[in-house]
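In what follows, a single structure is set out as structure tokens and then discussed.
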Amino acid sequence: RPHRLDLTRTPNPHVSFGDGPHVCLGAHFARLQLRVLHEEALRLLPVCALAGPPRRLVSNFVNGIKSLPLEPAGP
Ligand code: HEM
């Protein structure tokens, strides 16, 4: 179910960093960067909601989101 974001998925044998002899050399660095990004985002916006439409990256190589406007939400 590739279109469902499930952070608790287990096992999670995804191939976002490739596989085999050309597996991403920067995977550990990228995971560290993403950990820090999420820690900081959670610190600033512990509970958030969409504040506008997400903009997708236009690329025939990389799938991603260019911007994701968020705002504080909840009690
Ligand atoms: C979320 C961030 C990243 C993703 C999703 C990602 C994804 C990938 C994928 C899928 C491949 C395999 C491409 C193939 O099979 O031809 C790859 C290869 C590679 N990545 Fe990353 N990457 C990320 C971050 C980084 C970073 C931060 C670095 C360097 C600091 C890096 C360096 C490399 C290198 C050098 C290869 C080529 C390895 C080889 O061909 O032997 N990547 N990456």
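Reading the sequence shown from the start, the letters are residues 1 to 75 in our numbering. Beta carbons are placed, not taken as given, at the ideal position from N, Cα and C, and that holds for glycine.
- The alpha-carbon of LEU57 is positioned some 21 Å away from that of ALA49.
- Nearest C-alpha to PRO69 among PRO54, HIS22 and PRO75: PRO54.
- HIS3 and VAL62 have their C-alpha atoms some 15 Å from each other.
- Take the alpha-carbon of THR8 and the one of LEU25: they are about 25 Å apart.
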